[in-house]
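S.K.: My structure is below; once you've seen it, I'll send some questions.
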Amino acid sequence: MIFLFRFDVTDKGMDFILNEEIAKDMYPDLEEMLRDLVRSLCSMFEYYKVYNKEKTIFSGVIHDNGEAEVTLSKGLGKYIDPYTKNQIIFDHGKLITELCTTIMDRRSAEAQLKENDGRS
Numbered sequence: 001m002i003f004l005f006r007f008d009v010t011d012k013g014m015d016f017i018l019n020e021e022i023a024k025d026m027y028p029d030l031e032e033m034l035r036d037l038v039r040s041l042c043s044m045f046e047y048y049k050v051y052n053k054e055k056t057i058f059s060g061v062i063h064d065n066g067e068a069e070v071t072l073s074k075g076l077g078k079y080i081d082p083y084t085k086n087q088i089i090f091d092h093g094k095l096i097t098e099l100c101t102t103i104m105d106r107r108s109a110e111a112q113l114k115e116n117d118g119r120s
């Protein structure tokens, strides 16, 4: 399993934690998109954090079979209306996951190009 990101509740608000390798390989165009999604989710989670029972309120991973998954903290979903949960929170989580995989794919393609150029 590959950890992509998580949102943790803190005394001061919300922390967004991104996979270190993905953060290191970040592209400026994607960073701007990511920042907007994170800001939106953080403000939304501020409202719901009073119902949260765990440190991590939302997270994203890629399983060994290649399937991506975003999850809310256990039990939190019952406090969030279906539209907000499905059309905003989970859709934003899916977009963050797509940005993470785009970053990983770009870096892999760049590494492959360098490797192929070295063989020429």
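Per the UniProt record's numbering: the sequence shown = residues 1 to 120.
Where is the CB? At the ideal position from N, CA and C, for every residue including glycine.
#1: Rounded to a whole number of angstroms, what is the C-alpha to C-alpha distance between Lys53 and Tyr27?
#2: Might you give, ordered along the chain, the residues of its own chain that have their beta carbon closer than 7 Å to the beta carbon of Tyr79, omitting 5 neighbours on each side?
#3: Assign Ser73 to buried or exposed, taking buried as 16 or more other Cβ atoms, counted over all protein chains shown, within 10 Å of its Cβ.
#4: Given a threshold of 16 other Cβ atoms within 10 Å of its Cβ, counted over all protein chains shown, does Leu113 qualify as buried or as exposed?
#5: Please check the pair Asp64 and Met1, which I expect to be a contact at CB under 8 Å, by giving their CB distance rounded to whole angstroms.
M.R.: Straight from the coordinates:
#1: Approximately 34 Å, taken between the alpha carbons.
#2: Hits under 7 Å: Tyr48 and Tyr51.
#3: Label assigned to Ser73: buried.
#4: Its Cβ having fewer than 16 others within 10 Å, Leu113 is exposed.
#5: About 6 Å; that satisfies the 8 Å criterion.
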